[in-house]
Amino acid sequence: IDPGPGSIAYSNQLNLDPQKVEYLLISHCHPDHDNDAEVYIEAITQGGAKRRGVLIAPKGVLNGNDTCEPRISSYHKRMVSRICEVSPGDIVDLGEVKFRALRAEHGDPDTIGFRLTLPWGEIGYTSDTEYFDGLGEQYRGVRLLIMCVLRPRGAPIKGHLCTDDAIKILEEARPESSIITGFGMRMIYSNPDVEAKAIEEASRIRTVAARDSMRLRLHVGPESKQRLLDTF
């Protein structure tokens with residue numbers, strides 16, 4: 001999901017095999033979200049030797065728009081077995097996994113958020129977006145909500161979320177747990193862990209600030225309602 005700069009290198013450091021990736025999801029055409037997409041396609045297809053993998057992305061990523069050029073070359077598009085161009089409301093059925101594209105408001109007008117339906121529940125991902133009426137409602141019922149929160153409290157900016165927005169989203173969506181990621185420098189200097197704690201205290205939803213190389217253990221057994229995730 002949204003492989004930014006260095007994604008595949010960090011993946012290798014964590015002993016994750018990019019050749020095992022089946023689905024590549026890209027929310028919009030900015031390099032911090034799409035930079036390594038073509039590298040992953042190379043890995044998924046073993047350099048084009050095997051035509052496999054599903055690429056899911058909005059129009060801007062695949063074909064460009066008024067603000068950006070296409071982010072996936074024709075050469076790499078031919079490598080994958082399936083391409084799904086999506087816009088808000090579209091659903092892609094991948095068998096055990098279902099993908100639904102949702103509205104987002106960002107510099108790339110084709111940006112999407114999404115919900116992933118898995119056997120044990122749903123995950124939501126806001127991508128980069130500013131707050132708008134109904135944003136949180138789109139994610140109501142997900143078990144885990146991942147929010148791209150660029151800035152800390154009291155520092156809103158067009159096209160992105162700040163801590164205050166994240167609180168409003170959680171009050172609307174009411175997931176079991178949430179993760180904040182996508183930090184800008186002001187958020188980093190403010191300490192993402194402190195901001196996550198403020199979000200949790202205000203919303204009463206468990207909130208964790210993402211870290212490099214952080215892994216999540218998602219509980220799927222009877223205890224999952226009490227403790228959705230651990231970090232390690």
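In terms of our numbering, the sequence shown is numbered consecutively and its last residue is 232. Glycine included, each C-beta is placed from N, C-alpha and C at the ideal position.
Pull the bridge partners of residue i from the DSSP assignment, please.
i    : result
G113 : L102
S178 : L145 and T207
E122 : T117
Y23  : V54
R151 : C162
Less than 6 Å between C-beta atoms, sequence neighbours within five positions excluded: which residues of the same chain meet that for residue i?
i    : result
K98  : T117
S7   : D36
E105 : T129, E130 and F132
R82  : V54
For residue i, does the count of other Cβ atoms within 10 angstroms reach 16, so buried, or fall short, so exposed?
i    : result
R274 : Lying before the first or after the last residue shown, residue 274 is absent from the chain, which here runs from 1 to 232.
R151 : buried
P119 : exposed
I188 : exposed
I199 : buried
R217 : exposed
M147 : buried
S203 : buried
D108 : buried
Y75  : exposed
D66  : exposed
P5   : exposed
I41  : buried
Please return the same chain residues whose Cβ sits closer than 8 Å to the Cβ of residue i, not counting the five positions on each side in sequence.
i    : result
P222 : Residue placement at P222 is flagged as unreliable, the pLDDT there being 45, under the threshold of 50; the coordinate-derived value follows with that caveat. Result list for P222: empty, nothing under 8 Å.
S213 : Y10, Q13 and L14
Q45  : The sequence given here has Thr at residue 45, not Gln. Counting only Cβ-Cβ distances below 8 Å, and skipping sequence neighbours, we find R51, R52, G53, M79 and V80.
T111 : S27, H28, P58, G60, A104, E105, S127, D128 and T129
Could you name the residues of the same chain whose beta carbon sits closer than 7 Å to that of residue i, not counting the 5 residues immediately before and after it, in chain order?
i   : result
A37 : P3, L24, I26, R71 and I72
I1  : L25 and Y125
G48 : M79
Would you say residue i lies against chain C (beta-carbon separation less than 7 Å)?
i   : result
K50 : Of the protein chains in this structure there is only one, and it is not chain C.
**Message:** For a minimum of 4 consecutive residues, which ranges assigned as the alpha helix (DSSP H) are wholly contained in the region 67–101?
**Reply:** Correct list: 74–77.
**Meets three-Cβ-pair contact criterion under 8 Å: the region 207–214 and the region 168–183** = Yes: the two stretches touch, three or more of their Cβ pairs being nearer than 8 Å.
**Prompt:** Below 8 Å, can you find three or more Cβ-Cβ pairs linking the region 186–202 to the region 85–97?
**Reply:** Contact between the region 186–202 and the region 85–97 is absent, with fewer than three C-beta pairs closer than 8 Å.
**Request:** Check whether the region 135–144 touches the region 3–22, counting contact only when three or more Cβ pairs, one atom from each stretch, lie closer than 8 Å.
**Result:** The region 135–144 vs the region 3–22: no contact.
**Asked** Would you call the region 130–139 and the region 39–57 touching, i.e. three or more CB-CB distances under 8 Å?
**Response** With the rule of 3 Cβ pairs closer than 8 Å, the region 130–139 does not count as touching the region 39–57.
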